[in-house]
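Position 157 (the sequence shown) corresponds to 157 in full-length UniProt numbering; numbering is contiguous.
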Amino acid sequence: MKEPILPILIMNSTDSDYELIQSNSNLKQGNEKENKNVLVMTENQINVEELKQTFQQMIDELKIENSKQNLALKEIIEQKDEKIVCLENKVKQMEESSDKKVGKLTEELEQINLNNKQLYFVQVANKWKEIKEKSSEAPWFTQDCCEAKCINTENPVGNCVKGNGYANLIDGENIEYIDAKRDDNCYGYYLGIDNSTTIYAENSFNKPKESQSGSLYLQNILWNNNDILGCGLVYPPSTTDNFSYIFFTHNGKQIGSPILLNENCDGYKPFIQLQSCSVETNFGKDLKANPFVYDLSKHVFHKYSDYEKDLNELIEMFPLITKEGIEQILLAKGGIKEIVSENLNAIFPKNT
Numbered sequence: 001m002k003e004p005i006l007p008i009l010i011m012n013s014t015d016s017d018y019e020l021i022q023s024n025s026n027l028k029q030g031n032e033k034e035n036k037n038v039l040v041m042t043e044n045q046i047n048v049e050e051l052k053q054t055f056q057q058m059i060d061e062l063k064i065e066n067s068k069q070n071l072a073l074k075e076i077i078e079q080k081d082e083k084i085v086c087l088e089n090k091v092k093q094m095e096e097s098s099d100k101k102v103g104k105l106t107e108e109l110e111q112i113n114l115n116n117k118q119l120y121f122v123q124v125a126n127k128w129k130e131i132k133e134k135s136s137e138a139p140w141f142t143q144d145c146c147e148a149k150c151i152n153t154e155n156p157v158g159n160c161v162k163g164n165g166y167a168n169l170i171d172g173e174n175i176e177y178i179d180a181k182r183d184d185n186c187y188g189y190y191l192g193i194d195n196s197t198t199i200y201a202e203n204s205f206n207k208p209k210e211s212q213s214g215s216l217y218l219q220n221i222l223w224n225n226n227d228i229l230g231c232g233l234v235y236p237p238s239t240t241d242n243f244s245y246i247f248f249t250h251n252g253k254q255i256g257s258p259i260l261l262n263e264n265c266d267g268y269k270p271f272i273q274l275q276s277c278s279v280e281t282n283f284g285k286d287l288k289a290n291p292f293v294y295d296l297s298k299h300v301f302h303k304y305s306d307y308e309k310d311l312n313e314l315i316e317m318f319p320l321i322t323k324e325g326i327e328q329i330l331l332a333k334g335g336i337k338e339i340v341s342e343n344l345n346a347i348f349p350k351n352t
């Protein structure tokens with residue numbers, strides 16, 4: 001009798017073993033995967049922490065480096081600020097020094113200009129115009145030819161009906177004096193007297209409103225003996241406090257002291273008073289054809305800065321004279337205290 005064959009059991013056994021083996025294999029693979037995952041995750045965790053530390057270290061190093069750089073920049077800026085302040089101080093000192101030098105040079109230049117600057121001539125169309133009638137307010141200053149006033153502004157040319165001598169206004173520049181009538185039958189005895197004639201110009205010489213230079217008005221008077229007398233009016237630059245003044249010339253040279261004028265007077269009308277003489281006048285109408293004898297380019301400004309001081313000293317020296325009287329004398333003498341003092345010493349006692 002044959003032994004029985006059990007294939008199914010074997011197969012079942014084999015299948016079970018296979019399944020068991022397979023299950024164990026799968027389990028082993030799963031465990032390996034888990035271990036690998038754990039290992040990978042741990043390694044990843046380690047790398048992130050290291051990166052964090054590295055980055056933090058880099059950040060800290062950058063902060064330190066930035067702080068150092070900022071500190072260095074701050075020091076540089078502070079040094080530059082100090083240099084800038086130092087330079088600003090030097091510039092300020094240089095500017096102040098320059099301002100002082102410029103101011104001093106400007107004063108010197110103004111003084112040079114004041115002493116040497118050429119005057120500019122102010123052309124004023126002018127002519128002799130008015131024969132002044134006798135005035136009760138100033139009888140010593142004005143006279144008529146006679147009671148009839150036969151020679152006057154309206155009738156400037158003619159002979160006095162009383163035979164008196166009087167000036168004739170020939171034209172705007174020429175004045176001819178007609179002597180008193182003589183009696184030829186009586187050894188040339190004068191039938192009349194030679195009266196003085198006061199004649200005013202048509203226009204005044206007015207002070208310029210604004211002027212950087214001195215202004216000069218001038219006319220020359222030609223006398224019968226051919227001498228030339230000139231009269232000039234000077235207005236100083238409006239930027240100064242100097243006095244206006246009048247000066248006189250004789251044959252092209254300045255004579256006497258200038259006469260200082262009241263600073264409140266802004267206009268002056270020329271006049272001439274004649275007796276027994278005739279004149280030819282040059283108002284500067286045509287300077288090319290008929291120039292002045294006096295050279296305007298060589299005129300030196302008359303500067304007077306101690307007027308009040310000199311006036312007060314003279315008042316103390318001569319207490320018997322009023323302030324107004326001394327002031328008029330001082331102005332007439334060109335503000336020269338020594339001349340005034342010398343003249344007054346001969347008349348008035350000084351205050352001792």
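Backbone N, C-alpha and C define an ideal beta-carbon position, used for all residues, glycine too.
When C-alpha distances from Cys-145 are compared across Pro-270, Pro-139, Tyr-294, Ala-167, the shortest belongs to Ala-167.
Cα atoms of Tyr-235 and Thr-142: separation of roughly 28 Å, rounded to the nearest angstrom.
With a cut-off of 8 Å on Cβ pairs, the region 279-298 is in contact with the region 246-257, counting three or more such pairs. For Asp-179, the closest alpha carbon among the candidates Leu-169, Ile-326, Asn-164, Ile-151 is that of Asn-164. For Phe-318 and Leu-261, the gap between their C-alpha atoms comes out near 22 Å.
The alpha helix (DSSP H) runs lying completely inside the region 274-322 and spanning 4 residues or more are 307-317, given in chain order. Per DSSP, reduced to three states, the secondary structure at Leu-169 is strand.
Separation of Glu-50 and Leu-73 (C-alpha to C-alpha, rounded to the nearest whole angstrom) is 34 Å. Here Lys-207 has Tyr-235, Asp-266 as same chain residues with Cβ atoms under 6 Å from its own Cβ, once five neighbours each way along the sequence are excluded. Shown here for Lys-323: same chain residues with a beta carbon closer than 7 Å to its own, the five before and five after excluded, namely Ile-315 in chain order. In terms of Cβ geometry, Asn-343 and His-302 do not form a close pair [threshold 9 Å].
Ala-125 is positioned such that its CB atom lies no closer than 9 Å to that of Phe-271. Your pair Lys-132 and Thr-198 checks out as a contact, with CB atoms roughly 4 Å apart and the cut at 8 Å. A distance below 9 Å separates the beta carbons of Lys-285 and Glu-173. In this structure, Leu-331 keeps its C-beta atom at 9 Å or more from the C-beta atom of Lys-337.
For Lys-181, the three-state secondary structure derived from DSSP is coil. Counting only residues of its own chain and dropping the five nearest sequence neighbours on each side, Lys-127 has a CB closer than 8 Å to the CB of Asp-171, Gly-172, Glu-173, Ala-201, Glu-202, Phe-283.
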